[in-house]
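Chemist: The following block contains the structure, expressed as structure tokens.
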Amino acid sequence: MTQPTDTGRSPFDDLPGDLMIWVLIVSELLVFGAGLAAFLGVRLTDPAGFAAAQDHLHRAAAGVNTLVLVTSGWLAALGAQAVAAGRVARSRALLTAAAGLGVVFVAVKWAEYAGKAAQGIGVETHPFFTFYYLITGFHAAHVAAGIVVLVLVAIRARPREVEAGTAFWHMVDLVWVLVFPVIYLLR
Amino acid sequence: MAQVTKAWILLLALSGASTALSVAVMRGMLTGTAATLGGVAILTLAWAKARTILNAYLRLDEAPAFRRGFGLTLALYALLLLALYLAG
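Written out as structure tokens, the structure reads:
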């Protein structure tokens, strides 16, 4: 357990936000981190097959989604600053906008999956696509959950809740900036 | 300008750079060793983006000890991804 320092403060008191949200962030990063490392590990067994499979992905759409998500993260961070400064209405507007961009991300991802389905590409088409659907699908589920969290904290609009909710959203953002290059860009 | 806004602009620039590198590789503008170095650069940019989100969006800049811990772990993980990429 956390040991207090001589001043009675725990080292974890320095962490921005609740300790539990950081436990969640670290555990999520470990799961996605393991998935991406496994993806690159399996890629070693069939680099040509992975490159050919990757050519079926829509890199431009994923690139747009990257811009959408980092912009959403920016709005969420501004929303957290606003509620901490007592500007509740501004915070609600920023958090709602952040959630709206999350909806855009999911819509683009949905269109991407629909395109794959139309090409007859499924989970079992190639190991590349097994990882692709597993990792990006799990991430998209986190985006959907994050949208709900952002809406809920926008309604309550209290600094502690907004801090925790936006931290979850930034974790989703952080995971994507690692997923995007590894799955979509690396040759 | 707020730190998160500077971070956002940096993230847009880094994302644009990694996409441009990928396009250059796809279009055959980078081949052989240059293409591999392009992949190394893409992973380096991803590491820089992850650090920016941790430090600015998640505010680890306000907790230097945790920033160093997360930074070291992230760097080691990026090196693992880099090694797996180069091994292919």
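These protein sequence lines are chains A and B, in that order.
Going by this note's numbering, the residue at position 120 of the first sequence is 900; the numbering climbs one at a time, nothing skipped.
Going by this note's numbering, the residue at position 11 of the second sequence is 16; the numbering climbs one at a time, nothing skipped.
Where is the CB? At the ideal position from N, CA and C, for every residue including glycine.
(1) Per DSSP, what kind of secondary structure is methionine 34/B in: helix, strand or coil?
(2) Can you give me the Cβ contacts of alanine 891/A inside the same chain, cut-off strictly under 8 Å, excluding the 5 residues immediately before and after it?
(3) Run down chain A in chain order and give the residues with a C-beta less than 7 Å from the C-beta of threonine 24/B.
(4) Roughly how many whole angstroms lie between the Cα atoms of leucine 875/A and valine 931/A?
(5) Would you identify the three-state DSSP class for proline 791/A, choosing helix, strand or coil?
(6) Is valine 957/A buried or exposed, if buried means 16 or more other CB atoms sit within 10 Å of its CB?
(7) To test your reading of the DSSP string, which unbroken alpha helix (DSSP H) runs of 4 or more residues are found completely within the stretch 845–890 of chain A?
(8) Along the chain, where does the alpha helix (DSSP H) containing glutamate 904/A start, and where does it finish?
(9) Against chain A, which members of the stretch 68–80 of chain B pass a CB distance test of less than 7 Å?
(10) Check whether the Cβ of threonine 10/B lies closer than 8 Å to any Cβ atom in chain A.
(11) On the three-pair Cβ rule with 8 Å, is the stretch 900–920 of chain A touching the stretch 845–860 of chain A?
(12) For alanine 857/A, return the contacting residues in chain B, with the cut-off set at a CB-CB distance below 7 Å.
(13) Starting from alanine 55/B, find everything on chain A with Cβ-Cβ shorter than 7 Å and list it in chain order.
Modeler: According to the structure shown:
(1) Within the second sequence, numbered from 1, the residue matching residue 34/B stands at position 29. The answer is coil: DSSP assigns methionine 34/B none of H, G, I, E or B.
(2) The residue given as residue 891/A occupies position 111 in the first sequence. Within the same chain, and ignoring the five residues on either side of alanine 891/A in sequence, the residues whose Cβ sits closer than 8 Å to its Cβ are Ala841.
(3) Along the second sequence, read from residue 1 onward, the residue named residue 24/B stands at position 19. Chain A residues near threonine 24/B: Gly843.
(4) Numbered from its first residue, the first sequence carries residue 875/A at position 95. Numbered from its first residue, the first sequence carries residue 931/A at position 151. If I take the Cα positions, the gap works out to 7 Å.
(5) Residue mapping note: residue 791/A aligns to position 11 of the first sequence, counting from 1. Taken through DSSP and simplified to helix, strand or coil, proline 791/A comes out as helix.
(6) Along the first sequence, read from residue 1 onward, the residue named residue 957/A stands at position 177. Residue burial annotation: valine 957/A is buried, with at least 16 other C-beta atoms found within 10 angstroms of its C-beta.
(7) Those alpha helix (DSSP H) runs which fall completely within the stretch 845–890 of chain A and span 4+ residues do not exist here.
(8) Position 124 of the first sequence holds residue 904/A. In the DSSP assignment, glutamate 904/A falls outside any alpha helix (DSSP H) and carries neither an H nor an E.
(9) Listed by position along the chain: Ala68, Ala70 and Phe71.
(10) For the purposes of this step, residue 10/B is identified with residue 5 of the second sequence, where counting begins at 1. Interface with chain A (8 Å Cβ-Cβ cutoff): threonine 10/B is included.
(11) Segment contact: the stretch 900–920 of chain A against the stretch 845–860 of chain A, fewer than three CB-CB distances shorter than 8 Å; contact not assigned.
(12) To locate residue 857/A, count along the first sequence from 1; it is residue 77. Residues of chain B passing the Cβ test: Val9 and Tyr62.
(13) Translated into positions along the second sequence, residue 55/B becomes position 50. Within 7 Å Cβ-Cβ: Leu954, Val957 and Leu958.
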